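Counting in numbering that gives the first Met the number 0, the sequence shown runs from 0 upward without gaps. Beta carbons are placed, not taken as given, at the ideal position from N, Cα and C, and that holds for glycine. Bear in mind that the values here come from a model prediction, so they are computed numbers and not experimental data. Input: a single structure, listed below in structure tokens.
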Amino acid sequence: MAKANLVHDVIIQILLRLPVKSLCRFKSVCKYWHFLISDPHFVRMHLNLATRNNCINCQRWRLCLTSFSLPSVYSVGYEAYDKAVAAKLDYPLKTDCYDEVKFIGSCNGLLCVASEPGILLLINPSTREAEEIPRLGNRRPFTQSSLPYMYGFGYAHSINDYKLVKISCKGCVFVYSLRANSWREVGVFPYGILALDPGIQLKGAIHWVVSHSMDSTKSQVIGAFDLVKEKFWDVSPPASVKNFYGIGVFGECLCILPGSDITSHNDFWIMKSYGIKESWTKVVITIPYFRMKPLGVFENHKALLEIDGKLVVYNFIDETYQDLVIHGIPDGIDFEVETYIESLVSPHLRLATRADIWIR
0 MAKANLVHDV
10 IIQILLRLPV
20 KSLCRFKSVC
30 KYWHFLISDP
40 HFVRMHLNLA
50 TRNNCINCQR
60 WRLCLTSFSL
70 PSVYSVGYEA
80 YDKAVAAKLD
90 YPLKTDCYDE
100 VKFIGSCNGL
110 LCVASEPGIL
120 LLINPSTREA
130 EEIPRLGNRR
140 PFTQSSLPYM
150 YGFGYAHSIN
160 DYKLVKISCK
170 GCVFVYSLRA
180 NSWREVGVFP
190 YGILALDPGI
200 QLKGAIHWVV
210 SHSMDSTKSQ
220 VIGAFDLVKE
230 KFWDVSPPAS
240 VKNFYGIGVF
250 GECLCILPGS
260 DITSHNDFWI
270 MKSYGIKESW
280 TKVVITIPYF
290 RMKPLGVFEN
300 HKALLEIDGK
310 LVVYNFIDET
320 YQDLVIHGIP
330 DGIDFEVETY
340 IESLVSPHLR
350 LATRADIWIR
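Right, here's the structure in full:
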């Protein structure tokens with residue numbers, strides 16, 4: 000018995016270190032392996048191992064690219080800066096008529112996307128599983144005949160649920176629970192909407208750049224929505240930063256991006272201790288930019304940044320950078336970029352029966 004348990008444990012430790020593509024293939028080896036790889040506890044351990052640190056220089060972190068002019072989704076691995084190759088993803092849609100794809104966010108390997116006509120999807124690009132989110136009445140996210148919406152997608156750890164937040168320009172707040180497979184109206188948005196950019200997920204909350212009024216000349220704040228309590232609160236920016244166009248995640252830190260369309264910048268701010276205003280710290284880079292988005296941090300003091308539509312790998316030690324060259328995509332097209340981690344997490348969460356399936 001002890002020997003059998005030892006063999007079982009060794010098999011698990013080997014499988015945990017394999018990429019998702021291999022694990023999906025190994026499910027067909029035998030019933031035992033199918034059961035083992037599909038087990039919620041194994042899925043959780045595999046995810047936790049992949050997210051043990053917040054760096055992206057491992058084979059399980061990938062990029063997703065899409066474009067309004069080319070409504071396709073591409074997956075890109077970037078283990079080598081000059082050898083990144085894009086692969087077009089096929090994901091199921093119940094209609095072939097769609098004009099554009101927009102990323103809403105990613106979390107634990109699940110990618111939330113919106114596409115015409117009025118389709119919201121949860122996709123695991125690694126397993127090719129997809130779940131279409133029910134429509135909220137007859138409302139559609141991108142049609143001219145309906146009001147546009149502001150979105151946010153994230154994971155509520157303590158209740159093991161993925162949630163999509165949808166906010167109308169009139170201030171109505173709707174929340175979709177993957178576990179319940181239903182929408183609920185939860186109140187009124189207490190801020191002025193300045194842009195329809197998707198929210199940033201961090202620490203079990205969704206964050207947007209907002210104002211306490213519709214006047215964009217007023218001081219901006221970060222509005223946060225707790226995915227468990229479903230309540231809003233303010234995250235104060237640095238005292239010296241009055242206006243900023245965007246926010247992001249740098250490592251596991253919330254960051255503020257003070258760029259604009261008319262003035263270039265060469266710095267951004269990170270909140271080293273979440274929720275502590277005094278922990279805001281300025282980070283200076285040698286690349287002037289109008290628009291910048293941090294995509295990930297490498298272990299070797301490098302970071303992957305999207306700067307004015309280009310992907311660059313920036314070295315914070317010697318303050319140099321190099322372009323990330325991606326092969327396999329059309330030239331001359333501006334792409335929207337999102338990151339995701341390869342995982343076995345299924346978008347069919349409500350079908351699960353165990354409460355400890357995906358923990359982060």
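| Query | Result |
| --- | --- |
| Spatial neighbours of PHE249 in its chain, beta-carbon cut-off 6 angstroms, leaving aside the 5 residues before and after | ILE269 and PRO293 |
| CB contact flag (VAL234, GLY170, <9 angstroms) | no |
| Cβ-Cβ distance between ILE13 and MET44 below 9 angstroms | no |
| Own chain partners of ASP266 with C-beta closer than 8 angstroms, once the 5 adjacent residues on each side are dropped | PRO257, LYS281, VAL282, VAL283 and ILE284 |
| Minimum C-alpha distance to VAL344 - residue among GLU130, ASN299 and PHE188 | GLU130 |
| Residues bridged to PRO311 [DSSP beta-bridge criterion] | Correcting the residue identity first, residue 311 is Val in this sequence and not Pro. LEU304 and ASP322. |
| Of the residues TYR150, TYR154 and TYR161, the one placed nearest PHE173, counting alpha carbons only | TYR150 |
| Span of the alpha helix (DSSP H), counted from its first residue to its last, around CYS111 | Unbroken run through CYS111 is the beta strand (DSSP E), 109–114; no alpha helix (DSSP H). |
| Residue environment, THR338, which counts as buried when at least 16 other CB atoms sit within 10 Å | buried |
| TRP182 versus TYR175 - alpha carbon distance | 4 angstroms |
| Where ALA129 sits in the DSSP three-state scheme | strand |
| Beta-carbon separation (whole angstroms), LEU195 vs VAL209, contact threshold 8 angstroms | Not confirmed; about 12 angstroms, so no contact. |
| Closest by C-alpha distance to HIS326, when choosing among LEU15, LEU62, LEU35 and THR126 | LEU62 |
| Reduced DSSP category for SER181 - H, G, I as helix; E, B as strand; rest coil | strand |
| LYS20, DSSP secondary structure in three states | helix |
| Residues near HIS156 by beta carbon distance below 6 angstroms, same chain, minus five either side | GLY203 |
| Straight-line Cα distance separating ASN314 from HIS300 | 6 angstroms |
| Residue interval of the beta strand (DSSP E) (run including ARG61) | 60–65 |
| Reference GLY245, options LYS30, PHE289, ALA86 and LEU135, closest by Cα | PHE289 |
| Helix, strand or coil at ALA155 [DSSP, three-state] | strand |
| Whether ILE255 touches TRP232 by CB criterion (9 angstroms) | no |
| HIS206 - DSSP class collapsed to helix/strand/coil | strand |
| SER37: first and last residue of the uninterrupted alpha helix (DSSP H) it sits in | 30–37 |
| Local conformation of LEU163 per DSSP, three classes | strand |
| Per DSSP, cross-strand counterpart(s) of TYR339 | ARG61 |
| Span of the beta strand (DSSP E), counted from its first residue to its last, around PHE231 | 231–234 |
| Nearest-angstrom Cα separation, counted from LEU310 out to ILE286 | 12 angstroms |
| Cα-Cα separation, LYS87 to SER71 | 7 angstroms |
| Residues bridged to ASP225 [DSSP beta-bridge criterion] | ALA204 |
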